[in-house]
Structure formats: C-alpha cells, structure tokens
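J.: Going by our numbering, the first residue of the sequence shown is number 1, and it counts up by one from there.
My structure is below; once you've seen it, I'll send some questions.
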Amino acid sequence: MKNFDLIVYGNTILDRVYFVDGYVNGTSNAGHGQYSAAGSVGNMLRAFCELGSDKRIKVVGKVGNDEDGEILEGQMLNMISSQPNKTYLLEKSKGSTSNAVIISDIRKNSRTSIVNWGACKDLNNLGATKNSTWVHLMYIDTLEKISPRDIENLSKECIVSADLCLGSHTPEQKEKIFKCLEFVDYLIVSDVEAQSLTKGVRNGVWRSYCAEESAKILGEIVKKGVIVHSPHGSTTFTSGKKKTFSGEYIGDKSLNVLGAGDIFASSFISSMLDTNDVLESVKFAHHHTTNVLKSRGKNEKV
C-alpha cells in the first residue's frame with residue numbers, strides 16, 4: 001500500500017495579491033486590499049483541505065532560504081494544522097523563493113500575474129513522489145530539471161497528471177513538453193495554455209473551436225486523457241472520444257477568481273481517486289469550483 005493517495009509536486013510560489021475593480025493597463029489603479037499567500041501547490045493543498053477529504057495528501061516543493069520562504073512555509077503549516085492526513089516537504093535552496101504579484105480584477109472576474117522565478121524551477125527529486133497512488137506535476141512547463149525519462153520512470157509507479165503555467169511557449173519548450181506528455185496519464189490545462197502549446201501543430205491556424213481542436217491534439221499524445229477548461233466549460237478527449245461540458249459561468253457577479261484552475265484540478269483528482277470516472281469527475285470539478293468562487297466573496301483571501 002502506498003503512503004499517500006496524492007502527491008502534488010512542483011512550483012512553490014509566494015503570491016502577493018492586489019484587488020482592483022476594473023484593471024486598466026498603463027495607468028494607476030485604485031486597490032481594494034492586498035494579502036500574501038502560498039500560491040500554486042499551496043492553492044491545491046488549500047483546496048484539498050477545503051474539500052474536507054480524508055485523503056492522504058503531500059506537497060513537494062522548493063523554496064529559498066529567505067524571508068519569503070519562511071512566510072510560505074508558515075502558510076503551509078497553518079493550512080495543515082488541523083489536517084492529520086496532509087503534509088508537505090519544502091527543500092531549501094541558496095537562491096530566492098519564487099514570488100508573484102497577482103492583480104485580481106474583481107469586476108472582470110480575471111487575474112493577471114507577474115512571476116519572479118526562483119528556487120522552485122530547480123526542483124528535481126521526483127524519486128520522493130513514488131510512494132503515492134497519484135502524482136500531480138504542477139506547472140510542468142517550468143520544471144526545468146525534470147526530464148521525459150524522469151516522468152517515464154514515475155509513470156511506472158503511479159498515475160501521473162500534469163498542468164501548465166505559461167501562456168506562451170518557445171519551440172524548444174514545446175518539444176520538451178510533448179516528449180514529457182507521452183508519459184502523463186491526464187493533462188489538465190486552460191484554453192489559453194492549450195492554445196499556446198498546440199498553435200501551429202496542424203495547418204498553422206488557430207480556429208474558433210480551439211478547445212476542441214487542442215483537446216484532440218493533446219489527447220492523442222497523453223496516455224489516458226486531457227481536459228481543456230475555461231470559465232465557460234471544458235472539452236475532454238479520452239479513449240479516442242471528445243466530449244464538451246458547459247460550466248456554470250459567472251459573468252454577472254464581481255468575484256476573486258484567483259486559484260480557480262487549481263481548485264478545478266484538485267476537485268477533478270479528488271473525484272478520480274474516488275470514482276475513476278473522468279466524465280463525472282469533470283462535472284464535479286466544474287460544480288465545486290463554481291460553488292467555491294461564489295461563496296468566497298470579492299476580497300476574500302485565498
């Protein structure tokens with residue numbers, strides 16, 4: 001028996017979040033509050049804690065030996081203080097802790113981020129994840145020290161899922177990502193990330209039905225399936241079949257949507273561990289994510 005149901009492996013980032021009401025580029029924007037929180041893997045750990053699940057969860061990341069690293073570790077510890085089945089392993093680096101400035105536009109239900117990459121990109125101990133039923137590789141496009149061979153070896157031991165971070169990829173990044181995806185069971189990406197990864201792969205044209213086209217392209221590469229999600233819904237491609245889902249789009253309410261993708265991924269994986277049913281898990285992920293965003297409030301900390 002494995003020691004963990006899920007290990008989330010990847011980018012450990014300290015988010016500095018600023019709320020604005022209608023962000024306008026190139027000018028001063030009035031803020032409505034701010035806070036700092038563990039982003040990326042922290043968002044997923046928080047989501048699993050909020051799901052009320054008794055699943056054994058561990059997050060593995062890397063931080064710098066600096067003040068941001070101490071703040072981030074304190075955030076992690078606070079999250080699991082009442083969660084006996086949740087834990088974390090943060091390696092220390094001489095470099096700086098990765099950090100991001102996040103602008104959460106509550107009127108437009110959107111967020112913009114500027115990331116200062118640091119220690120987390122150097123994470124390279126995939127061997128620490130093998131004692132788990134499922135491993136989720138967070139931001140696979142920024143884990144520079146992980147190779148396709150590393151993921152191939154991991155895939156022999158457990159179910160592997162992955163997501164992306166960047167909205168734009170170089171040809172070199174795409175080549176490595178596609179090689180890695182051959183050993184990934186489930187890929188969970190936004191429509192923006194999928195567009196970047198697959199644009200130009202076929203016919204050099206990005207069509208209006210981009211989610212469906214990219215889901216098919218990526219679904220033919222990964223081992224089991226892909227989910228391309230957006231605020232409006234998602235498209236899956238599993239077992240050679242494509243299916244679309246309508247989400248409960250919230251366009252008429254001011255919301256803080258920070259971490260929505262992480263909540264979606266956590267909800268999907270949690271449901272899959274229980275049911276092993278992709279379609280039902282996607283439905284659950286959409287429904288749960290919408291409920292969390294609706295209940296969160298405009299300026300509530302994530």
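Positions of the beta carbon are idealized from the N, C-alpha and C atoms, including for glycine.
Quantities reported herein were computed from a predicted structural model and do not represent experimental measurements.
Going by the CB atoms, is the gap between K224 and D163 shorter than 7 Å?
T.: In the sequence shown, counting from the first residue as 1, residue 163 sits at position 163. In the sequence shown, counting from the first residue as 1, residue 224 sits at position 224. No, they are not a contact pair.
J.: For F178 and P171, I'd like the C-alpha separation in whole angstroms.
T.: Mapped onto the sequence shown, residue 178 falls at position 178. Mapped onto the sequence shown, residue 171 falls at position 171. Cα to Cα, the separation comes out at about 11 Å.
J.: Considering Cα atoms alone, identify which of S28, E73, S271 is closest to A37.
T.: In the sequence shown, the residue the question calls residue 37 occupies position 37. Ranking S28, E73, S271 by Cα distance to A37 puts E73 first.
J.: For I114, which residues from the same chain have a beta carbon less than 6 Å from its beta carbon, with the 5 sequence-adjacent residues on both sides left out?
T.: Walking along the sequence shown from the start, residue 114 turns up at place 114. Taken in chain order, the residues that qualify are V101.
J.: Nearest to M1 by alpha carbon, out of L187, E152, T27, R56?
T.: Counting from 1 along the sequence shown, the entry for residue 1 is found at position 1. Out of L187, E152, T27, R56, R56 has the C-alpha closest to the C-alpha of M1.
J.: Buried or exposed: which applies to E182, given that a residue is buried once 16 or more other Cβ atoms fall within 10 Å of its Cβ?
T.: The residue given as residue 182 occupies position 182 in the sequence shown. The residue is exposed, with fewer than 16 neighbouring Cβ atoms inside 10 Å.
J.: Identify the residues that DSSP records as bridge partners of I164: which are they?
T.: By 1-based counting over the sequence shown, the position of residue 164 is 164. The identity of residue 164 in the sequence shown is Leu, whereas the question assumes Ile. Its beta-bridge partners do not exist; DSSP assigns none.
J.: Quick one: using the 10 Å Cβ neighbour count with 16 as the cut-off for buried, is H288 buried or exposed?
T.: The residue you call residue 288 lines up with position 288 of the sequence shown. Buried.
J.: Give me the Cβ distance between V226 and A215, rounded to the nearest whole Å; I'm assuming they're in contact under 8 Å.
T.: Taking the sequence shown and counting its residues from 1, the one referred to as residue 226 is at position 226. Taking the sequence shown and counting its residues from 1, the one referred to as residue 215 is at position 215. Right, their Cβ atoms sit about 5 Å apart.
J.: Take V192 and list the residues in its own chain whose beta-carbon comes closer than 7 Å to its own, dropping the five residues that flank it on each side.
T.: Locating residue 192 in the sequence shown gives position 192, counting from the first residue. Excluding sequence neighbours, V192 sits near G167.
J.: Report the residue from D66, V24, L143 whose alpha carbon sits nearest the alpha carbon of R111.
T.: For the purposes of this step, residue 111 is taken as residue 111 along the sequence shown, with counting starting at 1. If we check each option's Cα against that of R111, V24 comes out closest.
J.: Measure how close the beta-carbons of D150 and L126 come, nearest whole angstrom, since I'm counting them as under 8 Å.
T.: Counting from one through the sequence shown, the residue named residue 150 turns up at place 150. Counting from one through the sequence shown, the residue named residue 126 turns up at place 126. Indeed, because the Cβ distance is near 5 Å, the residues count as touching under 8 Å.
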